[in-house]
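Here is the structure we will look at.
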Amino acid sequence: MDVTAILDPLNDAQREAVTSPLEPVLVLAGAGSGKTRVLAHRVAWLCGVEGVSPHGVLAVTFTNKAAGEMRGRIESLLGMPAGSLWVGTFHGLAHRLLRMHWREAGLPQTFTVLDSDDQLRVVKRVLKDLELDDSRHPPRELQWFINARKDEGLRAEHLDAGDDPNRQVLIRVYAAYQAACDAGGLVDFAELLLRAHELWLQNEDLLAHYRRRFGHVLVDEFQDTNTIQYAWLRNLAGPGGVPFVVGDDDQSIYGWRGAKVENLRRFQKDFPKTRLVKLEQNYRSTGNILNAANALIANNAGRLGKRLWTEGIEGDPIRVYSAFNERDEADFVIGRIKALADSGTPYSDMAVLYRSNAQSRVFEEALITQRIPYRVYGGLRFFERAEIKDALAYLRLIANRGDDPAFERIVNVPTRGIGARTIDALRDYARANMTSLWNAAGHLASDEGVNRRTSNAVRAFLTLIEALDAHTRGLDLHEQVDHVIEASGLVAHHGKDKSERGDARVENLQELVSAARGFEPAPDSEMRLVDEFLAHAALEAGEAQGGAWEDCVQMMTMHSAKGLEFPTVFITGMEDGLFPHQRSLQDPRGLEEERRLCYVGATRAMRELYLTYAEQRRLHGIDTYGLPSRFISELPGELVEEIRPHVQVSRPYAPAAPRRAETTPSGISLGQRVRHRKFGEGVVLNYEGQGHHARVQVNFENEGAKWLVVAYANLETM
Ligand code: ATP
Ligand code: MG
């Protein structure tokens, strides 16, 4: 075995971790310090030097893609295939175990894994069986409750409602939901983990077997494990075990989904002989990027504390671009991408990161116009998202009653009591009479022989579509879209889901209104605007998306970027309220998690980091005038270069003291009273910029201080 291949590419601290004696190891280290590299080399060391069989190693990664890469790295270090090595995500590994031990897990051999939408469907059915009103007990809330309990390792029978009637209902639904899943052999994502955990608890022999087999358990991104994942792991390792975990408390970004950063401390308690290794040299980023990231994260309290340094070059400053609006932001980013590509940089070296999925649309449209290939990771492209397709299906059916796929898609979305059997009957009738589903529905609605509830439900749907049609005629395109998403019930339907996902769906729907408002038909088009818009959406969904292997611009949320690296990174939408996200602003813990997310985003960059924000942004169908994200002002000024063409700004972001009797370039005086349509009355405190970019800070009586772009704010002087 050639040990040099394993050890040479490591620094001293990394080598210490890789070659540690067989005892529990926690590698606690910042971004880009080689944690993932150390994990791969440790496996190679164990197999190549310690004589461990790959059969005895289990490695946990955060995504399936990372698992594939990890296996590849290990095999190339070992110089041989390691097929019997288990590498995967917690969910993937749990699934594999349950498939092998379905009997011990109390599952039928043919059990089915439910995705989140399937799970919701079961929850709804259970609500109906229990005769509970789903407007009082929103199914998505129940789904969230069930998953959160499972993530904590709790079954319905472990829960006590006390006198709380609402909680009694939640627990009753949880129990009935689980009974339904058990009867049908259905396993949701959270159940995979919980069952795998129970598999250990209920089968001592099996656990003993796997403890013997997997003498070596390794975990990447350990800071984002949740309660049940950690419990599963601890049991598998056993009291005398030697787990090897790597993580970074500063990159814990899944607290909202139950991840417990405390597991880092817990690990050291549960495995008292743990050797703690810290890595401090960063190999990924330039000095400026690293120092900026260090300064940012220093604003968080309660860190385990570490400082990263690099031997690398200082590099370019962090470039901050203040865009005029979201389109200008996209134009700027795409301009830079083109310039880089022209000078020979592959597209795949560039990543556009954003806080929420809805932000991708403006970039996607600009990239398509410029014919630049791109790929959206960890989320569907805008026009492929389910809620957007639903909304478009309404528009399609309004435009063309013969559009059967659109009919099928929305006839029972949101739920309106039209079940699968009715839809089958419609299909049969339509087929037999060579007509559309719409006509079949018209027939069924007036058929005396049909169950009253069914015919009423179908009639209600037909009436809804007719009403939408009548109401939207003559409206502008964006008004049509706005009316349809509201009156169809889609917004209310997703609004009931109080999780991030529900919010994201409502935001996406509202973003569709923005898309419609900004839509420009081809100059020579003779189509109706709505038809052209629909065609545009359909084509955009199917085309232009680059494959994984193609050279294309990488687009993803900051959450999906964890663990990855790119030479050039654009973090976009750096505005307070967007990033940090609105809902975290009031909550210090939430704000710290957002800051960690920003740290994750910034530390993805190897050579160049751009931060962009828009002074005015239309997102989710609403115009906002945002302040630059507080995270920008947390970066040391000397590391930042502002790019604001045609404008000189020398003022810091923090509001300066008001200066009286000075006149802003746009003719508004400091100290002057002004009125804004939405924010009401206030006093002008400050200004910056000139011309198109001129902004004033107004202290509104009810809304507090806000920066507004003068050209857009329509301020009335008083
Ligand atoms: P993250 O916290 O973002 O997951 P990480 O700590 O897992 O980062 P790696 O992805 O393992 O860091 O390494 C970051 C980069 O530095 C990679 O490109 C890796 O190949 C490189 N690298 C790590 N260690 C060394 C080293 N000793 N010499 C040269 N390059 C290194
Ligand atoms: Mg890593």
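Counted the way the working numbering counts, the sequence shown spans residues 88 to 805.
C-beta: ideal position from N, C-alpha, C; glycine also.
Contact between the region 421-441 and the region 467-483 is not established, with fewer than three Cβ pairs separated by less than 8 Å.
Annotation: the region 438-508 contains the following complete segments of the alpha helix (DSSP H) (minimum length 4 residues), in chain order: 447-456, 473-486, 491-497. Put simply, the region 712-724 touches the region 652-664. At least three CB pairs are less than 8 Å apart. Remark: the C-beta of Arg371 is in contact range of ligand 1, defined as less than 7 Å to any heavy atom. Within the region 169-232, the beta strand (DSSP E) runs of at least 3 residues that lie entirely inside it are, in chain order, 173-175.
For Pro654, the uninterrupted beta strand (DSSP E) segment begins and ends at 653-658.
Around the beta carbon of Ala295, fewer than 16 other beta carbons sit within 10 angstroms, so the residue counts as exposed. Remark: fewer than three beta-carbon pairs, one from each stretch, lie closer than 8 Å, so the region 323-334 and the region 162-169 are not flagged as touching. Cβ contact annotation for Phe419 (same chain, cutoff 7 Å, sequence separation greater than five): Tyr408, Ala410, Thr699, in chain order. Nearest in C-alpha terms to His128, of all of Arg160, Gly302, Ala153, Ala512, is Arg160. Within a 10 Å sphere around the beta-carbon of Leu795 sit 16 or more other beta-carbons, which makes this residue buried. In the displayed model, Tyr799 falls within a helix according to three-state DSSP. Excluding residues up to 5 positions away in sequence, Leu440, Arg691 lie with their Cβ nearer than 6 Å to the Cβ of Ala648 in the same chain. Applying a distance threshold of 7 Å between residue Cβ atoms and the heavy atoms of ligand 2 selects Lys122, Thr123, Asp307, Glu308, Gly650, given in chain order. Look at Ala116: its beta carbon is less than 7 Å from one of the heavy atoms in ligand 1. Looking at the DSSP output, Leu363 bridges to Leu113. By the Cβ-count criterion, His245 is exposed, with fewer than 16 other Cβ atoms from all chains shown falling within 10 Å of its own Cβ.
In the same chain as Gln355, and ignoring 5 residues on each side of it, the C-beta atoms closer than 8 Å to its own belong to Leu113, Thr361, Leu363, in chain order.
Contact between Gln206 and Asn412 fails: their C-beta atoms lie close to 39 Å from each other, not under 8 Å. Val260: member of the alpha helix (DSSP H) spanning 252-271, first to last residue.
Scanning Arg782, Asn350, Glu790 for the CA closest to the CA of Gly769 turns up Glu790. Relative to ligand 1, the beta carbon of Thr655 is positioned no closer than 7 Å to any heavy atom.
Under DSSP, Pro715 forms a beta bridge with Glu662.
Between Leu383 and Arg694, the C-beta spacing is not below 8 Å.
Per DSSP, reduced to three states, the secondary structure at Ile384 is helical.
As summarised for the region 290-343, the continuous alpha helix (DSSP H) elements at least 4 residues long and confined to that stretch are 291-300, 314-324, given in chain order. Set against 7 Å, the gap from the CB of Ser720 to the closest heavy atom of ligand 1 is not smaller. Looking at the DSSP output, Tyr434 bridges to nothing.
Taking C-beta atoms as the reference points, Tyr516 and Ala507 fail to come closer than 8 Å. Sequence-distant partners of Asp618 (beyond 5 residues in either direction) whose C-beta falls short of 7 Å from its own C-beta, in its chain, are Ala486. For the pair Asn786 and Val348, the Cα-to-Cα distance works out to about 39 Å. Note on geometry: alpha-carbon atoms of Arg458 and Ile719 lie some 31 Å from one another.
Gly119 and Tyr370 do touch by the CB rule: their CB atoms are close to 6 Å apart, below 8 Å.
Bounds of the beta strand (DSSP E) holding Val640 are 640-644. For Glu729, the uninterrupted beta strand (DSSP E) segment begins and ends at 727-730. Counting the other Cβ atoms within 10 Å of the Cβ of Asn350 gives 16 or more, which makes it buried.
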